[in-house]
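What follows is a single structure, written as structure tokens, with notes after it.
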Amino acid sequence: MYQKAFRIFKQNPWQQAFLYGNLGSRIGSIALGAGALSLMERISEDMKNAMRAKDKAKTGVLRMLLSEFKYAMTSEQRSSTLEDDQALKVITAYCKKLKKSLDAYPEGEKRAEIAQEISVVESYMGDSVSS
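Counting from 0, one number per residue, gives the positions in the sequence shown under numbering that gives the first Met the number 0.
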């Protein structure tokens, strides 16, 4: 009986915050009045929204971008996050990979899918889109 109650208490982050005294880190950046989301956080949130909307194409592209971010984090400096300029470099490199694969396919269904992926990736590149 006691173990079950303790397990529930242990899983609730609000109660953990009270227990450990770090309420600010448990509430999150929204309650603390932090500014805009970083590029990596925005892509993560957009992936969650695409999953809720059952948009498989966009979800797949955003998962690949997050995978590229994780690969860059482990290979370069072993950090937990990427700065926006580093994330933009990763996005640009991924977009170049997609454009190379676009040239490899003849006209058809796969080429249209890759073009759609490129448009999703370029939407996160902002003003630095180079055609």
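No residue lacks a Cβ here, since even glycine has one placed at the ideal position from N, Cα and C. Remember, it's a predicted structure, so these values are computed and weren't measured experimentally.
task: Would you check if the distance between the CB atom of Ile90 and the CB atom of Leu101 is smaller than 8 Å?
output: Ile90 is not a Cβ neighbour of Leu101, given a cutoff of 8 Å.
query: In terms of residues, what are the limits of the alpha helix (DSSP H) holding Lys53?
result: That residue, Lys53, is in no alpha helix (DSSP H); it is neither H nor E in DSSP.
- prompt: In or out: Ala49 buried (at least 16 other Cβ within 10 Å) or exposed?
  reply: By the 16-neighbour rule on beta-carbons within 10 angstroms, Ala49 is buried.
task: Tell me, to the nearest whole angstrom, how far the beta carbon of Met39 is from that of Thr80; I am working on the premise that it is less than 8 Å.
output: Contact flag correct, Cβ pair sits at about 6 Å.
message: Assuming Ser122 and Asp83 are in contact, meaning their beta carbons sit under 8 Å apart, how far apart are those beta carbons, in whole angstroms?
response: Going by Cβ atoms, the distance from Ser122 to Asp83 rounds to 15 Å, so no, they are not a contact pair.
query: Distance, Cα to Cα, Gly107 vs Leu87?
result: A straight-line Cα-Cα distance of about 30 Å links Gly107 and Leu87.
query: Taking just the CA atoms, how far does Lys69 sit from Ala56?
result: Ala56 and Lys69 have their alpha carbons spaced roughly 20 Å apart.
- request: Below 8 Å CB to CB, which residues in the same chain sit around Thr58 once its five sequence neighbours on both sides are set aside?
  value: In the same chain as Thr58, and ignoring 5 residues on each side of it, the C-beta atoms closer than 8 Å to its own belong to Met46, Ala49, Met50, in chain order.
- prompt: Among residues of its own chain, excluding the 5 on either side of Ser113, which ones have a beta-carbon nearer than 8 Å to its beta-carbon?
  reply: The amino acid at residue 113 is misidentified as Ser; the sequence shows Ile. Taken in chain order, the residues that qualify are Leu97, Ser100, Leu101, Tyr104.
- request: Take Arg62 and list the residues in its own chain whose beta-carbon comes closer than 8 Å to its own, dropping the five residues that flank it on each side.
  value: Within the same chain, Arg62 has close Cβ partners Met46.
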